[in-house]
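Going by this note's numbering, the sequence shown opens with residue 106, and the numbers climb by one from there.
Notes to accompany the following structure.
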Amino acid sequence: MKVMGAAKVFVDEKSAKILLAVLNRPLSALEICKVTGVPIAHVFSRLRVLEKKGLVAKVSYRYDARGRERPVYRSMLYDSLVFVDRGKLKVTFQLVAADQQNFSQAGEALL
């Protein structure tokens, strides 16, 4: 995983909402949309990016009302700490099956 790539993912408010939504329980894209208020098209695009970065994963499938199989996503974050150090936002997190890594981004990027 690229360090700056992961940091930029956290700067995006929609991605952060999605990660928080699937942190403790697996959800489908439609359920994520309902919980976060993020439009469904944005949910799908952010899920692709988060999945590519290894921050979320498809953990199972559910059937919708029409009988179609839909993936269910879960956060791969095991633990995280967000703090500001010398004007820079720093995020330290550990993936479920990985070592702890530090990701930094300038604090101005959040404004």
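Ideal Cβ positions, reconstructed from N, Cα and C, are used throughout, including at glycine.
Any idea if residue i is buried or exposed, counting beta-carbon neighbours within 10 angstroms, 16 or more meaning buried?
{"i": "Ser165", "result": "exposed"}
{"i": "Arg130", "result": "exposed"}
{"i": "Val161", "result": "buried"}
{"i": "Leu135", "result": "exposed"}
{"i": "Leu155", "result": "buried"}
Closer than 7 Å by C-beta to residue i: which residues in its own chain qualify, once you throw out the five before and the five after it? Chain order, please.
{"i": "Arg167", "result": "Ser133, Arg175, Val177"}
{"i": "Leu200", "result": "Gly159, Met181, Leu182, Tyr183"}
{"i": "Thr141", "result": "Lys122, Ile123, Ala126"}
{"i": "Ala146", "result": "none"}
What is the DSSP secondary structure of residue i, counted as helix, strand or coil?
{"i": "Leu160", "result": "coil"}
{"i": "Leu155", "result": "helix"}
{"i": "Leu182", "result": "strand"}
{"i": "Val140", "result": "helix"}
{"i": "Leu125", "result": "helix"}
Beta-carbon within less than 8 Å of residue i's beta-carbon, same chain only, minus the 5 sequence neighbours each way: which residues are those?
{"i": "Ile137", "result": "Ile123, Ala126, Val127, Val143, Val148, Leu152, Tyr178"}
What does a CB cutoff of less than 6 Å around residue i pick up in its chain, not counting 5 residues either side in sequence?
{"i": "Ser180", "result": "Leu124, Val127, Leu128, Val161"}
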